[in-house]
Structure formats: structure tokens, C-alpha cells
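J.: Following this message is one structure expressed as C-alpha cells.
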Amino acid sequence: MDDLDLKIESPRVRIAPSPTGALHIGTARTALFNYLFSKRYGGKFILRIEDTDLERSKPQWEEDIIENLRWLGVDWDEGPNPENPKEYLGDFGPYRQSERKKTYEEYIKKLIDQGSAYYCFCTPEELEAKKNYFMSIGKAPQYDGKCRELSGSEVKKNISLGKPSAIRFKTPKKKIVFDDLIHKKIEVDSSLLGDMVIAKNTSLPLYNLAAVIDDYAMQITHVIRGEDHISNTPKQILLYEALGIEPPRFGHLPLILGQDRSKLSKRHGAVSLKEYKKEGYLPEALVNFMVFLGWNPDTDREIFSMPSLIKEFSLEKCQKSAAVFNQNKLLWINGFYVRQKNIKKLTELCLPYLMEANLIQPVLESQKYPPVFGGETIRQKFLISESQETVDIDYIEQIISFYQERLKVLSEISELTDFFFKKNVIIQKDMLKWKTADDKTALDALKSAENILSDIKDWTQEKIKDRLLIEAQNFKTGDRGYFLWPLRVALTGKKASAGPFEIAAMLGKEKTIARIKEAQKMLF
Ligand code: GLU
């Protein structure tokens, strides 16, 4: 089936997160797929906050969901207004379940009045005992229907006595068949479901009923969600039928597994968008990566921007089989997008990391990132924290440009570049020795580098390079590494870094010579 066969016109789709934790990568993936589907077919994407679990729902998690979806560029047409979340965008609100009590009351009353649902007064202890009984005879635990046949007067009496109750659905016995947009035909025998609880009381529906009422009230045409909800769909279809309304189409996106093929969880590393953001993944990289967690366009092409996805995305190319989260692929894609940035933008993105590592600070409080005042970008100056020297943003841009090719996540920048900002570098003696070099060879190299560099008056990268390369050719074995490696380690303290010429030029003569002298002490 091709999406086009569905004759999709102006679909209305939604993401319905519960604000009980930080935005999870799985929820973000589902949001992205819904967003792309709505944009591809000129429809609407709705954000509905499912905050009926009052104990676990917290405003801070709703803020996190809103902030991180926006950061990804997955914007909604209807739902809490991101500029002022007290207000709503769209005409089908309120878009928070906690504010929809009135609507729920109407539907719950209707289900009870028409005999599709009933009050259940069984106590938790009774239910537990029944469950254990079913399990002991090897049957799936199911409600036995005890309160199904209570008479109207018995119900009234129990209510007037203040007996706690819940609302159960009178599950009709039938075969439920639906055509999943991704899994195709699915059949479920409803007698396996039992009479499920659909509401805590006459105004507080549980998830399945609330979702049905809201999807109907918000005129949702396609419910695209994670496969973990596939067992809820037959239940929801029965509720639609009981309410006499046409269900939307359903599509269930594959589960996301970690590299070890178990369900993706904290054990595998970061799972929330806010953690990815903090580690320095770019939103465009996450979008590009997440779309492959279930969408399989049958090409070798790996790079897709949001506009190209809006053109090319289709549910038809979504896979049923689980999607494996490949951390290396995410790193690779992120590195790609890091390389695409112009250096000004990349520097802006890296500054918070350098500041957080306390390598640099803005000179004035008012110059804090972002450096835009009255529409004009002012030239920023920074203090190097240890030395209290002032440097221009150009200096930092230059340093970052040395690393643009190898930077995979932004948070690596402080570790890669700290030696530019620190007074001293910590060197391990053995690291100073290239291949088979002994202490003396490394020491000779450093002495000779010190002499050559001390003679340079015009301290430019070209000069430094010219002079050092001549010596490197002549130095003992003829392998440049014996000369250049100890020098580079003396300046950086690191196994890998930018080349020694750029680094020496940036550090300036005084610091360069001081570091070479310091390293020599280790080899005496
Ligand atoms: N609140 C549910 C969740 O966060 C929504 C499921 C659905 O999309 O129907 O998983």
C-alpha cells in the first residue's frame, strides 16, 4: 500500500505525551514521524498533554517537552502556545487532559446510561484474590464480571453508602480486526480483554478512554504511536464502537532497541533529549538520526534535512521490525552537521561548553551569549580564566576551527582545547617519546625546537612551520615524528591534537617556549 492510496488529505495527527519525565528519545521520534506526516500531506500536528495522572505529572516535565520539541524544530499547530503555555493554539482545546473533565463526564455518563459501562465496587483485595485464582488455574487473569449485573437500586445504594467504585467497560465478545498502517491486518479476540476499568470515577477516565474521547474531539484522523501501545488499540476500537463513532486509522512505529537488542533504557546511555542537547548533539543531527529509527527509505543516502524529509517521508516506508539505536551512527551524523556549520555559528555553540569548564568567561556580564543587542552583534571579548588575559572572539574562533573536522559532539570541545587556556599542561613523560625514541632523543628534539623557536622574531604560523620543518627533515632518523611529536606533546599534553605549528602560533612565543622548557625537565 502506498501512502497515496490512503488518499490522505489534510490529516490531523497528534503526539500525546504524559508529563511524567524528561522528553524521551522514543517520544521525540514519534513526534517527529507525526510532524513529518502532517507536513507532507498539508495537515495539522497537535500536541496534547496527557496529565491525568496528577501525582506523577509535573509542570517542569511539560516545560521540558515543549522546550525540547521546539529545539528539534518539531513545531505543533495546536496545543499549548510555546510563547505563553497558559494559552492554546487551535480551536479544539483545552489541550491538557486535566482541563477536560467536563467533556469526559459527558461521555462516561453516556456509556453508563446506555449500558456499555458499569460501576464496579469490588475491593482491591477481592480483585487480587480473583487474579491469583485465575493464575493458579493457568488462565490469564481477567475480571469475572461480578458487578456487571448489579441492579440500578443496588448501585444507588452502594453509592449512597459511599462505597469506593470504578467504572468498567462491558467488553462485548467479538473479533476485532483493524488495518494497521505499518503492521497491516491485526486481529484480536476481545474475550481475551475482559471488562476493563475505563475510569476511576465519573469524571476521571483512564488512558484508553481519555485518548478515545480526545482523539475524537480533536478530530484526529491518524494515530501514529509506538508499538508499546499496539495492545491498547483493540480496546480503543471497542470504545469507539460503543460511543458510535468512527475510529481514526492507527499506525504503530517499531520499538527502539539498544545495541544489545534489549529495550532502549538508561543502561544504554542518554535517553532524554535534554541529555543529548547537553552532550552537544545538534537538533538537525538528532532529527536525521531519529528518522532512521523506523523509517527505511531504501537508499544508501544517510543525510536528510527536515525540508527534504517533509518531501520524502511516507508511512509506507516505515518498518515493522524493531529499530536498533546505533550510537556510532549518531556520532557520525552529528560530526557531519558540526562540519557544515560556519565557524561563527560553531563558536557560538561551543562557547557555553568552554564557559562551563571555566576555561573562559565573558568580559562583561552584559556580553553573555547570545551577543545580540538591539539587533547588532557586538564584538565579544573573553577573559581566559586562569591567566585573566583578554582575548577576542576571533582567537576562540581560530582555536575551534582547528577542531571542526574532528569534533563529533560539542561537549568534547573543552577537553580538546583546554591547553590553549590553561597556564600549564600536565605531561606524562612517556608520552613525549615517539616510537622507539629514548629520553635523550626526545630531549634533543625539544632543545633543538627551543633554540629554533627562540630565534624567530616574526611569530607567524608560516615562519614557525618553515623553520621547524627544515629541522624535522634533518633530525636524526629522518622520521619527522621524532622531532615534531615531543614538541606537540610538550605544548598540549595530549596524544592527539591540532598540529604543532598552529598551536605554537596561537599560544604565542612566550608560552610556547615556557612549555618546551617545562617538558625538558621531565627528561633530564
Ligand atoms: N500518553 C500516552 C503516552 O505517553 C499516549 C499514547 C498515545 O499516543 O495514545 O504513551
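If you want the working numbering, it's the position in the sequence shown, counting the first as 1, plus 13.
Glycine is no exception: its CB is placed at the ideal position from the N, C-alpha and C atoms.
From a predicted model like this one, the values you see are computed outputs, not experimental measurements.
#1: I think Leu429 touches Tyr408, with their Cβ atoms under 8 Å apart; what is that distance to the nearest whole Å?
#2: Relative to ligand 1, is the shortest distance from any of its heavy atoms to the C-beta of Val236 smaller than 7 Å?
#3: Are the CB atoms of Pro177 and Leu251 within a distance shorter than 8 Å?
#4: Flag this pair as touching only if the segment 213-222 and the segment 111-123 have three or more C-beta atom pairs under 8 Å; answer yes or no.
#5: Heavy atom of ligand 1 less than 7 Å from the Cβ of Pro30, yes or no?
#6: Is the shortest distance between the beta-carbon of Gln401 and the beta-carbons of chain B less than 8 Å?
#7: Across which residues does DSSP place Lys188 in a beta bridge pair?
#8: Enumerate in chain order the residues of its own chain whose CB-to-CB distance from Leu322 is below 7 Å, with the five nearest sequence positions on each side excluded.
#9: Flag this pair as touching only if the segment 308-315 and the segment 370-377 have three or more C-beta atom pairs under 8 Å; answer yes or no.
#10: Is Glu240 close to ligand 1? I mean its beta-carbon at under 7 Å from any heavy atom of the ligand.
#11: In chain order, which alpha helix (DSSP H) runs of at least 4 residues are fully inside the segment 322-369?
#12: Would you kindly check if the distance between the Cβ of Ala35 and the Cβ of Leu82 is under 8 Å?
#13: With a 10 Å radius around its C-beta and 16 neighbouring C-beta atoms as the bar for buried, classify Lys508 as buried or exposed.
#14: Compute the beta-carbon to beta-carbon distance between Glu557 and His265, rounded to the nearest angstrom, for a pair I have assumed lies under 8 Å.
#15: Looking at ligand 1, does it come within less than 7 Å of Ala224, judged from the CB to the closest heavy atom?
#16: For the beta strand (DSSP E) containing Val212, list its first residue and its last residue.
#17: Between which two residues does the alpha helix (DSSP H) containing Ile237 stretch?
#18: Among Glu484, Pro375, Leu277 and Val168, which has the Cα closest to the Cα of Ala335?
#19: Among the residues of its own chain, which have a CB less than 7 Å from the CB of Lys248, if the five just before and after it don't count?
#20: Please list, in chain order, all residues of the same chain as Glu200 whose beta carbon is under 8 Å from its beta carbon, the five residues on each side excluded.
#21: Determine, using beta carbons only, whether Ile413 and Thr449 come nearer to each other than 8 Å.
#22: Would you tell me roughly how many angstroms separate the C-alpha atoms of Lys324 and Arg419, rounded to the nearest one?
#23: Measure the alpha-carbon distance for Tyr294 versus Ile439 and round it to whole angstroms.
#24: Can you give, in chain order, each stretch of the beta strand (DSSP E) that sits fully within the segment 426-506 and has at least 3 residues?
#25: Would you grab the beta carbon distance between Gln445 and Ala532 for me? Rounded to a whole angstrom, and I think it's under 8 Å.
#26: Just to confirm, does Glu91 get its C-beta within under 7 Å of one of the non-hydrogen atoms of ligand 1?
#27: If Ser31 and Gly55 are in contact, beta carbons under 8 Å, what's the gap, nearest whole angstrom?
#28: Using a Cβ-Cβ cutoff of less than 8 Å, which residues in the same chain neighbour Ile258 once the five nearest sequence positions on both sides are dropped?
#29: Pick helix, strand or coil for Asn371, following the three-state DSSP scheme.
#30: Count the other C-beta atoms from every protein chain shown that fall within 10 angstroms of the C-beta of Gly307, then say buried if there are 16 or more, exposed otherwise.
#31: Thinking C-alpha only, which one of Asn487, Leu367, Leu256 and Ile526 is nearest Asp468?
#32: In angstroms with no decimal places, state the Cα-to-Cα distance between Gln474 and Phe514.
#33: For Glu91, which residues does DSSP report across the bridge?
#34: Helix, strand or coil: how does DSSP classify Pro384 here?
#35: Counting only runs of 4+ residues fully inside the segment 148-194, write out the alpha helix (DSSP H) ranges in chain order.
T.: Let me spell this out:
#1: Here residue 429 refers to the residue found at position 416 of the sequence shown. Here residue 408 refers to the residue found at position 395 of the sequence shown. With 8 Å as the limit, Leu429 and Tyr408 do not qualify as a contact, their Cβ atoms being about 16 Å apart.
#2: The count along the sequence shown starts at 1 and reaches residue 236 at position 223. Within the cutoff, so yes.
#3: Working through the sequence shown from its first residue, we reach residue 251 at position 238. Working through the sequence shown from its first residue, we reach residue 177 at position 164. No, the pair does not count as a contact, with Cβ atoms beyond the cut-off.
#4: yes
#5: By 1-based counting over the sequence shown, the position of residue 30 is 17. Pro30: yes, Cβ under 7 Å from ligand 1.
#6: Within the model displayed, chain B is absent; a lone protein chain is all it includes.
#7: Position 175 of the sequence shown, counted from the first residue, corresponds to residue 188. Paired residues: Asp202.
#8: Start at 1 with the first residue of the sequence shown, and residue 322 comes out as number 309. Result list for Leu322: Leu49 and Val304, in chain order.
#9: no
#10: Along the sequence shown, read from residue 1 onward, the residue named residue 240 stands at position 227. Every heavy atom of ligand 1 is 7 Å or more from the Cβ of Glu240, so no.
#11: 340-353 and 356-369
#12: To locate residue 82, count along the sequence shown from 1; it is residue 69. To locate residue 35, count along the sequence shown from 1; it is residue 22. Not in contact: Leu82 and Ala35 (Cβ atoms no closer than 8 Å).
#13: For the purposes of this step, residue 508 is identified with residue 495 of the sequence shown, where counting begins at 1. So Lys508 counts as exposed.
#14: Beyond the ends of the chain as shown, which are 14 and 537, falls residue 557; an answer cannot be given.
#15: In the sequence shown, counting from the first residue as 1, residue 224 sits at position 211. Result yes, Cβ under 7 Å from ligand 1.
#16: To locate residue 212, count along the sequence shown from 1; it is residue 199. Position check: residue 212 holds Ala in this sequence, whereas Val was assumed. Start and end: Val210 to Asn214.
#17: For the purposes of this step, residue 237 is identified with residue 224 of the sequence shown, where counting begins at 1. Taken as a continuous stretch (DSSP letters only), Ile237 belongs to no alpha helix (DSSP H), being part of the beta strand (DSSP E) at His235 to Gly239.
#18: Your numbering for residue 335 matches position 322 in the sequence shown. Answer by Cα proximity: Leu277.
#19: Residue 248 sits at position 235 when you count from the first residue of the sequence shown. Around Lys248: Leu206, Met209 and Asn221.
#20: Within the sequence shown, residue 200 is the residue found at index 187, counting from 1. So the list reads Lys188, Ile189 and Val190, once near-sequence residues are dropped.
#21: Mapped onto the sequence shown, residue 413 falls at position 400. Mapped onto the sequence shown, residue 449 falls at position 436. Result no, Cβ atoms of Ile413 and Thr449 do not sit closer than 8 Å.
#22: Taking the first residue of the sequence shown as position 1, residue 324 is located at position 311. Taking the first residue of the sequence shown as position 1, residue 419 is located at position 406. If you take the alpha carbons of Lys324 and Arg419, they lie about 31 Å apart.
#23: For the purposes of this step, residue 294 is taken as residue 281 along the sequence shown, with counting starting at 1. For the purposes of this step, residue 439 is taken as residue 426 along the sequence shown, with counting starting at 1. Between Tyr294 and Ile439, the C-alpha separation is close to 29 Å.
#24: none
#25: Residue 445 sits at position 432 when you count from the first residue of the sequence shown. Residue 532 sits at position 519 when you count from the first residue of the sequence shown. Contrary to the premise, residue 445 reads as Leu rather than Gln in this sequence. About 6 Å; that satisfies the 8 Å criterion.
#26: Within the sequence shown, residue 91 is the residue found at index 78, counting from 1. Flag unset: Cβ of Glu91 not near ligand 1.
#27: Your numbering for residue 31 matches position 18 in the sequence shown. Your numbering for residue 55 matches position 42 in the sequence shown. The pair is not a contact, with the Cβ atoms about 29 Å apart (cut-off 8 Å).
#28: As a first step, residue 258 is located in the sequence shown; it is residue number 245 there, counting from the start. If we look at Ile258 and ignore the five residues flanking it on each side, its Cβ neighbours are Tyr229.
#29: Position 358 of the sequence shown, counted from the first residue, corresponds to residue 371. If DSSP states are grouped into helix, strand and coil, Asn371 belongs with coil.
#30: Residue mapping note: residue 307 aligns to position 294 of the sequence shown, counting from 1. Flag for Gly307 reads buried.
#31: One-based indexing of the sequence shown puts residue 468 at position 455. It is Ile526.
#32: Working through the sequence shown from its first residue, we reach residue 474 at position 461. Working through the sequence shown from its first residue, we reach residue 514 at position 501. Their Cα atoms are separated by approximately 6 Å.
#33: Against the sequence shown, residue 91 aligns to sequence position 78. Answer is Ile59, bridged to Glu91.
#34: Within the sequence shown, residue 384 is the residue found at index 371, counting from 1. Note on Pro384: pLDDT 46, under 50, position unreliable in the model; the coordinate value appears next. Coil, per DSSP.
#35: 165-173
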